[in-house]
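Peer 1: Below is the structure I would like to discuss, written out as structure tokens.
In the UniProt record's numbering, the protein residues as written are 1 to 470.
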């Protein structure tokens, strides 16, 4: 079994670019700062008993939270336990939680009629949204501290935690951390997970303009009724049993705007979105991923019109070659390589090459060629490693996966409004926006090498060298 690295291999100097600009997370023309009562007709439905059972299992099954380094223990935490622990601590700090929601692919898994055909069958992340009211600038910092402190509740009994600081917990357990504070968007995200990529992502939202990419992941399920029912079930005096005649009434909402249309897209494997220019990255990578998963477009003419917008927003959010390379490789790793699907990864890159080649009209020809070279470089690395694992060296490949520890990924965004263009964007328009905060000083040496499998044979084959961009 191949041991793929979650960090991209070094980008060849010939494809590096110092130009670029930095933008905030989400942008759209429609705000989704809503409460349960704000959803109108056609936007929500009530879960059936079978769907409630499915939801109960999702929030009850424990997830392993692995430490990245040190002697810290692996924590087995169910989402329901973590939600209750975090809510209790936030209440003690006078931070009001309006409601808690399950979002994204896990929510889609709960309501899909045919889960065998749904991509949500293989969901990795549990996206939990806490709808809150941020009153002061310190609230987001307090939220982070209380989430980290809540992990103490799940340490093995007898663990001496007196000398463990929240900073140490962050370094050991947090995989990703994002804080966005703009005029229209105020939210933060803390991601916890295991070494196999199963994550719990806690998102604390005061306001967010765009909370979904495609109609099939636009569903949000209110968890508060189930959590209250769960408390009643575990009561010592009068435990309550979940059955077909007595179960909580739980609402599911579609932010797509038309619940019936969104559920039809989910059950029939159809691709549809609105205003892709308002999505971080334009939804470009997920659009290609859905095609690889066997999805078809709901409206060919509409999607063809939207593809240039997807490309335009992607290259605005990831303008430099290093930014594009890192984003694409990490997406490929989390979706395919981590689950040992190199052929699917190559198929995904083929689809992405086709879309970029045909619809990235926002780029000059030379810039588009650089991006195509990046995709070809990733393809060649994956192709070589896949053939290496399946060739004569496969028996000597160590079965033990190598998971190098990595620092917490932290993003902080303040008061920058993203801008997007489609059609023919000229080169001087690209450069006029300033430089990407992480690209102008980045070099290929800052990107770690890919970790190839070990072999007892000392004469390993050399991987292919991509053709440099001139």
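Yeah, the Cβ is synthetic: ideal placement off N, Cα and C, and Gly gets one too.
Residue 185 to residue 141, Cα distance in whole Å?
Peer 2: Roughly 16 Å between the two C-alpha positions.
Peer 1: Exposed or buried, residue 73, counting other C-beta atoms within 10 Å across all chains shown (16 or more means buried)?
Peer 2: Exposed, since its Cβ has fewer than 16 Cβ neighbours within 10 Å.
Peer 1: Considering only residues of the same chain and omitting the five flanking positions on each side of residue 248, which have a CB-CB separation below 6 Å?
Peer 2: Answer for residue 248: 225, 226 and 229, listed in chain order.
Peer 1: Could you tell me which whole alpha helix (DSSP H) segments of length 4 or greater appear in the region 175 to 261?
Peer 2: You should have 224 to 233.
Peer 1: Could you tell me which residues DSSP puts in a beta bridge with residue 97?
Peer 2: According to DSSP, which records beta bridges pairwise, residue 97 is partnered with 132.
Peer 1: Tell me the rounded alpha-carbon separation between residue 371 and residue 48.
Peer 2: Whole-angstrom Cα-Cα distance: 47 Å.
Peer 1: In terms of residues, what are the limits of the beta strand (DSSP E) holding residue 471?
Peer 2: Residue 471 falls outside the range modelled here, since the chain spans only 1 to 470, and no answer is possible.
Peer 1: Identify the continuous alpha helix (DSSP H) that holds residue 82 and give its terminal residues.
Peer 2: Start and end: 79 to 92.
Peer 1: Give the straight-line distance between the Cα atoms of residue 256 and residue 161, rounded to the nearest whole angstrom.
Peer 2: Spanning the two alpha carbons is a distance of roughly 45 Å.
Peer 1: For the alpha helix (DSSP H) containing residue 51, list its first residue and its last residue.
Peer 2: That run of the alpha helix (DSSP H) goes 49 to 60.
Peer 1: Considering residue 324, what are the terminal residues of the alpha helix (DSSP H) in which it resides?
Peer 2: Segment 321 to 335, the alpha helix (DSSP H) holding residue 324.
Peer 1: Check whether the region 135 to 153 touches the region 86 to 96, counting contact only when three or more Cβ pairs, one atom from each stretch, lie closer than 8 Å.
Peer 2: At 8 Å Cβ cutoff, the stretches touch.
Peer 1: Does the beta-carbon of residue 37 have 16 or more other beta-carbons within 10 angstroms, so that it is buried, or is it exposed?
Peer 2: Note that residue 37 has pLDDT 35, beneath the 50 cutoff, so the model's placement of it is unreliable and the number below is only indicative. Looking at its Cβ environment, which holds fewer than 16 other Cβ atoms inside 10 Å, residue 37 is exposed.
Peer 1: To the nearest angstrom, how far is the alpha carbon of residue 127 from that of residue 321?
Peer 2: Using only the alpha carbons, I get a separation of about 30 Å.
Peer 1: Quick one: residues in its chain with C-beta nearer than 6 Å to the C-beta of residue 318, no 5 flanking neighbours on either side, listed in chain order?
Peer 2: For residue 318, where only same-chain residues beyond five positions count, the Cβ hits under 6 Å are 324 and 327.
Peer 1: Count the C-beta pairs between the region 185 to 199 and the region 55 to 73 that are closer than 8 Å, then say yes if the count reaches three, no if not.
Peer 2: Touching, yes.
Peer 1: Pick from 211, 168 and 171: whose alpha carbon is nearest that of residue 188?
Peer 2: It is 211 whose Cα lies nearest to the Cα of residue 188.
Peer 1: Return the residue from the list 360, 221 and 308 that minimises the CA-CA distance to residue 105.
Peer 2: Ranking 360, 221 and 308 by Cα distance to residue 105 puts 221 first.
Peer 1: For residue 400, does the count of other Cβ atoms within 10 angstroms reach 16, so buried, or fall short, so exposed?
Peer 2: The predicted position of residue 400 is uncertain, since its pLDDT is 33 and thus under 50; no value can be drawn from it.
Peer 1: Pick out the complete alpha helix (DSSP H) segments inside the region 269 to 319, 4 residues or longer, and give them in chain order.
Peer 2: Entirely contained in the region 269 to 319, the alpha helix (DSSP H) runs reaching 4 residues are, in chain order, 284 to 292 and 300 to 317.
Peer 1: Distance, Cα to Cα, residue 306 vs residue 275?
Peer 2: Each residue's alpha carbon lies about 8 Å from the other.
Peer 1: Could you check how far apart the C-beta atoms of residue 349 and residue 378 are, in whole angstroms? I think they sit under 8 Å.
Peer 2: Going by Cβ atoms, the distance from residue 349 to residue 378 rounds to 6 Å, so yes, they are a contact pair.
Peer 1: Could you compute how far the alpha carbon of residue 165 sits from the alpha carbon of residue 172?
Peer 2: Going by the C-alpha atoms only, they are around 11 Å apart.
Peer 1: Here's the rule I'm using: 16 or more other beta-carbon atoms within 10 Å means buried, otherwise exposed. How should residue 138 be labelled?
Peer 2: Its Cβ having fewer than 16 others within 10 Å, residue 138 is exposed.
Peer 1: For residue 58 and residue 339, I'd like the C-alpha separation in whole angstroms.
Peer 2: Using only the alpha carbons, I get a separation of about 21 Å.
Peer 1: When you compare only the Cα positions, how much space is there between residue 299 and residue 278?
Peer 2: Those two C-alpha atoms are separated by around 19 Å.
Peer 1: How should residue 245 be labelled, buried or exposed, when 16 other C-beta atoms within 10 angstroms of its C-beta is the threshold for buried?
Peer 2: So residue 245 counts as exposed.
Peer 1: What are the start and end residues of the alpha helix (DSSP H) that includes residue 44?
Peer 2: No alpha helix (DSSP H) holds residue 44; the beta strand (DSSP E) holding it covers 44 to 46.
Peer 1: According to DSSP, simplified to helix, strand and coil, what is residue 112?
Peer 2: In this structure, residue 112 counts as coil in the three-state DSSP scheme.
Peer 1: According to DSSP, is residue 25 part of a helix, a strand, or is it coil?
Peer 2: Bear in mind that a pLDDT of 32 at residue 25, under 50, signals an unreliable position, so the number given afterwards is only what the model happens to contain. Note: residue 25 maps to coil in three-state DSSP.
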